[in-house]
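A.B. asks: Residue 29 is where the sequence shown starts when you use my numbering, and the numbers rise one by one after that. C-beta: ideal position from N, C-alpha, C; glycine also. Small disclaimer: the values here were computed from a predicted structure and weren't measured.
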Amino acid sequence: FVYLRDNLLSSLEGIEILNGVKVLDLSFNDFKLPGFEPLENCKVLQQLYLAGNQITSLASLPEFPNLEFLSVAQNRLKSLCMASQPRLQVLAASRNRISTLRGFPHLPSLESLRVEENPLLEMPHLEAALILLVGPTLKKFNDRDLNPTEAEVVKQYPAHTAICIRDGWEFCSPELAA
Numbered sequence: 029f030v031y032l033r034d035n036l037l038s039s040l041e042g043i044e045i046l047n048g049v050k051v052l053d054l055s056f057n058d059f060k061l062p063g064f065e066p067l068e069n070c071k072v073l074q075q076l077y078l079a080g081n082q083i084t085s086l087a088s089l090p091e092f093p094n095l096e097f098l099s100v101a102q103n104r105l106k107s108l109c110m111a112s113q114p115r116l117q118v119l120a121a122s123r124n125r126i127s128t129l130r131g132f133p134h135l136p137s138l139e140s141l142r143v144e145e146n147p148l149l150e151m152p153h154l155e156a157a158l159i160l161l162v163g164p165t166l167k168k169f170n171d172r173d174l175n176p177t178e179a180e181v182v183k184q185y186p187a188h189t190a191i192c193i194r195d196g197w198e199f200c201s202p203e204l205a206a
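1) Could you tell me how far apart the beta carbons of C109 and R130 are, in whole angstroms, since I believe they sit closer than 8 Å?
2) What number of angstroms, rounded off, separates the C-alpha of E198 from the C-alpha of I45?
3) Could you give the residue range of the alpha helix (DSSP H) that holds A120?
4) If we count the other Cβ atoms within 10 Å of its Cβ and call it buried at 16 or more, is A149 buried or exposed?
5) Whose C-alpha, out of L67, D195 and A156, is nearest the C-alpha of E180?
6) Would you report the Cα separation of N103 and C192, rounded to the nearest angstrom?
7) In three-state terms, what does DSSP make of R104?
8) With the cut-off set at 8 Å, would you say S99 and L78 are in Cβ contact?
9) Between which two residues does the alpha helix (DSSP H) containing V143 stretch?
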């Protein structure tokens, strides 16, 4: 466990030496630019805390083969576009500026997603769209169980809908999607 919270850090320079770290807390620092390349050596990382920074993009966040928990809450993210995270179970992204599902990553193990206080919440059938994107592993949305009605709505969409959402197509009612 490496706890670097509340240190006014603005660069990840030198962090690559922590290649055996499993839990890394970089919350409430001063990270702005999406320069996550130094984390590429942290292959055993299981939990990454990046909340309370000024991060605008996760595009340079590497794929972590063992990452199970990621907190990016309270940043300036406009999307969740990032590399696939095959073992990620919890993604906390509340209090950002997320307004689109475009580029939503492949998260085949995701069980819980938190996106409270984001413009994205205005999207109709958001839970259905997330079920389409994530799959049957998703159980909790904004700290509550998924709405069973939304799970039924998913069944009305064609199989290719998730690809269209990731490509930036607007999510519409099931009648228009057919």
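C.D. replies: Inspection of the coordinates gives the following:
1) 7 Å
2) 42 Å
3) Looking at the DSSP string, A120 is not in any alpha helix (DSSP H); the run it does join, the beta strand (DSSP E), is V118 to A120.
4) One detail in the question is off: residue 149 reads as Leu in this sequence, not Ala. So L149 ends up on the exposed side.
5) A156
6) 27 Å
7) coil
8) yes
9) Per DSSP, V143 belongs to no alpha helix (DSSP H) and is neither H nor E.
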